[in-house]
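Chemist: Could you have a look at this structure, given as structure tokens, before my questions?
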Ligand SMILES: [Zn+2]
């Protein structure tokens with residue numbers, strides 16, 4: 008873990024309302040930038056569907072050039088995508104991408120919000136999206152965020168008028184924003200929200216258009232732009248030593264799990280937004296034109312504005328703390344204004360500025376990264392004023408748990424340090440992403456506390472409030488309690504201070520397939536989060552399954568250590584699918600959570616607690632052959648899954664492919680997108696085809712169409728054309744059109760039952776045209792579309808079989824879908840009815 012601040016020191020912008028653990032280090036020009044922002048009272052909200060949809064150039068421009076409060080509302084957390092940097096998928100990927108968005112906002116100066124919508128995977132049309140999402144709930148979240156953030160302008164990334172031309176989530180985000188723009192000011196819409204929030208009417212709604220919505224740069228050049236605003240988002244900020252588009256590149260490069268690291272761009276660049284609602288500004292380069300964004304916007308604000316504008320005008324770069332008295336005066340006046348909304352926002356900004364100009368360092372840190380409920384933590388308090396400002400520390404308070412009265416004059420650079428004891432309550436909640444604490448649906452997260460809706464992350468377990476007297480005026484400054492430590496090879500590091508259960512447990516395999524009646528060993532790993540724990544562990548399982556012992560003892564000496572306890576599980580005679588989960592009994596409590604830690608350089612380490620469980624599947628499956636060769640593509644868990652049903656899977660190095668190496672295997676499987684990512688394969692096609700000719704089965708899983716090297720046109724021994732056809736509805740009806748083909752009859756009889764319980768989708772990038780030697784086996788389609796027959800194609804070639812399939816086995820097998828296993832076993836076994844059980848293997 009490198010200090011995740013290090014990579015963007017130098018252009019780190021002013022931070023507030025972020026739970027980042029790392030203290031900000033502000034230069035005099037950073038402070039000046041913050042004062043300029045302090046004097047701008049206007050807000051802009053950017054709305055799209057996923058992490059990475061947001062236009063960081065525009066967000067940074069609004070935040071740093073216009074100086075507006077700027078936020079990105081991403082309807083989802085990006086759970087449905089792929090991960091290029093680690094194993095996190097689904098909800099865990101959502102946690103990682105949430106943090107990547109926060110990292111991007113730390114760079115471009117925006118804030119980040121989310122709705123409760125789940126990124127459930129690719130969706131062709133907003134009709135499908137809004138059905139799975141529960142449209143009303145997501146719309147209510149968008150309305151809520153408008154009422155909470157009170158934007159003057161809203162900018163949509165996508166066009167609400169073009170359903171079906173892009174991901175259904177994209178169009179949905181624009182459609183919901185278009186509707187919410189009016190609903191937010193209607194007291195009859197979502198009236199429950201009005202217990203805590205007020206109605207709000209934004210002034211203008213825009214669509215952030217670009218040439219790619221027009222098909223080409225030429226078409227966009229020629230388009231009528233009378234309804235558009237434009238600005239140069241390549242502007243250079245001498246105060247920050249960086250240009251807007253450089254900040255934007257750095258911000259979007261935080262989306263590392265999506266491979267968004269990119270080169271910096273520089274120079275003039277025009278950005279366009281099209282007006283959808285509200286009046287057209289007279290100044291077509293200014294989104295806020297005609298909207299009062301000065302201090303006179305708020306009642307009693309003028310006097311504050313006079314002081315602060317004076318500071319901005321005569322800012323003392325050499326000694327910013329010279330402004331302390333005026334800033335405290337402005338803070339004092341601000342406390343008296345009736346408008347609670349701006350009071351809160353500007354008070355936080357002012358406190359950050361007052362802290363920064365005084366070089367005031369306030370920290371509450373624990374030497375431990377975590378604690379358990381009912382324990383005691385030593386919190387180290389560090390306070391130092393590095394200016395001649397008159398500052399007194401009156402007390403440090405942590406909730407109602409710590410209240411340490413002091414009366415210390417903080418003289419210039421005289422560090423104060425002391426410890427307080429924090430007794431952690433027994434009933435405190437554990438640290439974990441709030442949206443994962445209750446089971447959700449396919450399309451929506453369950454969040455019971457409406458105050459949390461929209462928040463990017465769970466608030467820190469504890470805040471320390473430093474009650475100060477600055478220039479004679481009481482000011483309270485809030486800091487999260489953090490864990491600070493150092494590593495010899497890294498230097499200083501920060502980590503959230505987490506509350507975790509005494510022990511957590513996890514299964515090594517999340518899906519276990521029992522392909523015969525034999526029992527299997529089930530290792531459970533128990534992790535201690537306190538020294539000296541001792542207890543028992545039990546397994547919960549369904550009727551028909553048998554466990555060797557109801558309960559087993561464990562004992563762990565040191566906090567952080569793990570112990571593995573092995574159960575033996577015997578499946579029932581007949582087919583069955585169910586879940587097992589562990590129960591740890593310790594200190595008279597029953598615990599059943601699994602801890603997943605997500606740690607990368609560019610984000611704060613995340614602790615995620617999930618219900619600990621594993622899926623167990625009793626499958627009556629027949630197969631022929633034992634040794635499978637696997638050519639790895641972009642990476643999938645198919646080999647591990649095939650091992651679960653008794654195959655021995657051997658990874659084949661693409662460089663080593665020749666007639667001899669291939670002959671050892673009964674079947675060769677090519678991993679997903681192999682022809683897209685393994686350049687060596689283009690020289691190896693003839694060996695693979697010869698292998699089939701001599702009697703082997705070659706199975707290709709999906710490759711993406713369109714990113715082709717010419718030589719890959721012979722991906723099959725007969726003409727085969729890949730397309731972008733896909734079937735995204737995992738429950739769509741499947742018709743077996745090759746009913747009599749061996750592939751659906753041997754050794755397992757495949758029926759419609761086998762297409763039940765599939766996850767996320769049926770498949771993708773199906774071939775759309777093929778030679779008559781191919782037999783299409785299945786037909787399927789999404790609602791309202793024509794039948795697609797290219798999901799599973801087989802052609803005899805010589806003595807063997809060539810199979811191409813876009814079915815999503817890489818998702819279905821790791822999810823333990825029985826029908827997918829049977830169909831895969833048939834692909835490996837087809838044409839081998841005369842082969843005896845084992846294929847010999849050497850070496
Ligand atoms: Zn997207």
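Numbering (the numbering used here), first residue to last: 8 to 850. Here a beta-carbon is modelled for each residue, glycine too, at the ideal position from N, C-alpha and C. The structure displayed is predicted, hence computed values, not measured ones.
1. When the Cβ atoms of the stretch 209-227 are set against those of the stretch 153-167, are three or more pairs found closer than 8 Å?
2. Which runs of the beta strand (DSSP E), 3 residues or longer, sit entirely within the stretch 582-654?
3. I'd like to check one pair, residue 438 with residue 506: are the Cβ atoms closer than 8 Å?
4. With three or more C-beta pairs closer than 8 Å as the rule, is the stretch 806-825 touching the stretch 762-771?
5. Can you tell me whether residue 856 is buried or exposed, with buried defined as 16 or more other CB within 10 angstroms of its CB?
6. Can you grab the Cα-Cα spacing for the pair residue 42 / residue 142, in whole Å?
7. What does the alpha-carbon distance come out to for the pair residue 4 and residue 196?
8. Please write down, chain order preserved, every residue whose beta carbon lies under 7 Å from a heavy atom of ligand 2.
9. Buried or exposed: which applies to residue 571, given that a residue is buried once 16 or more other Cβ atoms fall within 10 Å of its Cβ?
10. When you compare the CB positions of residue 744 and residue 784, do they come within less than 8 Å of one another, or not?
11. If you reduce the DSSP assignment to three classes, tell me which class residue 358 lands in.
12. Taking the alpha helix (DSSP H) that residue 317 belongs to, which residues open and close that run?
13. Looking only at its chain, what residues have a beta carbon closer than 7 Å to the beta carbon of residue 718, apart from the 5 residues adjacent to it on each side?
14. May I ask you to report which of helix, strand or coil DSSP gives residue 827?
15. Could you tell me if residue 330 is buried or exposed, where buried requires 16 or more neighbouring beta carbons within 10 angstroms of its beta carbon?
16. Can you tell me which residues form a DSSP beta bridge with residue 518?
17. Does residue 244 come out as helix, strand or coil in the three-state DSSP assignment?
18. Within 10 angstroms of the Cβ of residue 21, are there 16 or more other Cβ atoms? Answer buried if so, exposed if not.
19. Between which two residues does the alpha helix (DSSP H) containing residue 546 stretch?
20. Take residue 80 as the anchor and find which of 184, 139, 100 and 73 has the nearest alpha-carbon.
21. Using 10 angstroms around the beta-carbon of residue 660, count the other beta-carbons present and answer buried if the total reaches 16, otherwise exposed.
22. Please give me, in chain order, every unbroken run of the alpha helix (DSSP H) with length at least 4 that falls completely inside the stretch 772-843.
23. Less than 8 Å between the C-beta atoms of residue 123 and residue 454, yes or no?
24. Please return the same chain residues whose Cβ sits closer than 7 Å to the Cβ of residue 819, not counting the five positions on each side in sequence.
25. Where residue 702 and residue 805 are concerned, what is the direct C-alpha to C-alpha distance, given to the nearest angstrom?
26. Just list the beta strand (DSSP E) runs in the stretch 57-111, keeping only unbroken ones of 3 residues or longer that don't cross its boundaries, in chain order.
27. How close, in whole Å, do the beta carbons of residue 39 and residue 322 come, if the pair is a contact with beta carbons under 8 Å?
28. Using the three-state DSSP reduction, which class does residue 692 fall into: helix, strand or coil?
29. What's the gap between the Cα of residue 700 and the Cα of residue 838?
30. Between residue 5 and residue 121, what straight-line distance do the alpha-carbon atoms span, to the nearest angstrom?
31. Give me the residue from 752, 71, 393 and 432 with the minimum Cα distance to residue 407.
32. State buried or exposed for residue 497, treating a residue as buried only when at least 16 other CB atoms are found within 10 Å of its CB.
33. Three or more C-beta pairs closer than 8 Å, one from the stretch 705-714 and one from the stretch 673-683: is that the case here?
34. Would you mind stating whether residue 861 and residue 85 have Cβ atoms separated by less than 8 Å?
35. Please report the Cβ distance between residue 400 and residue 473, rounded to the nearest whole angstrom; I am assuming they are in contact, meaning their Cβ atoms lie under 8 Å.
Modeler: Once the coordinates are examined:
1. yes
2. 583-593, 596-598, 600-605, 613-618, 621-625 and 634-638
3. yes
4. yes
5. Nothing about residue 856 can be read from this structure; the chain reaches only from 8 to 850.
6. 41 Å
7. Past the edges of the chain, shown from 8 to 850, lies residue 4, and the structure says nothing about it.
8. Ligand 2 is absent from the structure shown, which contains only ligand 1.
9. exposed
10. yes
11. helix
12. 308-320
13. The predicted model places residue 718 with a pLDDT of 48, which falls under 50 and marks its position as unreliable, so this point remains unresolved.
14. helix
15. buried
16. 622
17. strand
18. At residue 21, the pLDDT of 45 sits below 50, so the modelled position is not reliable and the matter cannot be decided from this model.
19. Looking at the DSSP string, residue 546 is not in any alpha helix (DSSP H); the run it does join, the beta strand (DSSP E), is 540-547.
20. 184
21. exposed
22. 816-819 and 825-836
23. yes
24. 765, 766 and 827
25. 7 Å
26. 76-81
27. 5 Å
28. helix
29. 12 Å
30. Summary: the structure shown does not reach residue 5, with the chain confined to residues 8 through 850, and so no result is reported for it.
31. 432
32. exposed
33. yes
34. The first residue shown for the chain is 8 and the last is 850, placing residue 861 beyond what the model contains.
35. 7 Å
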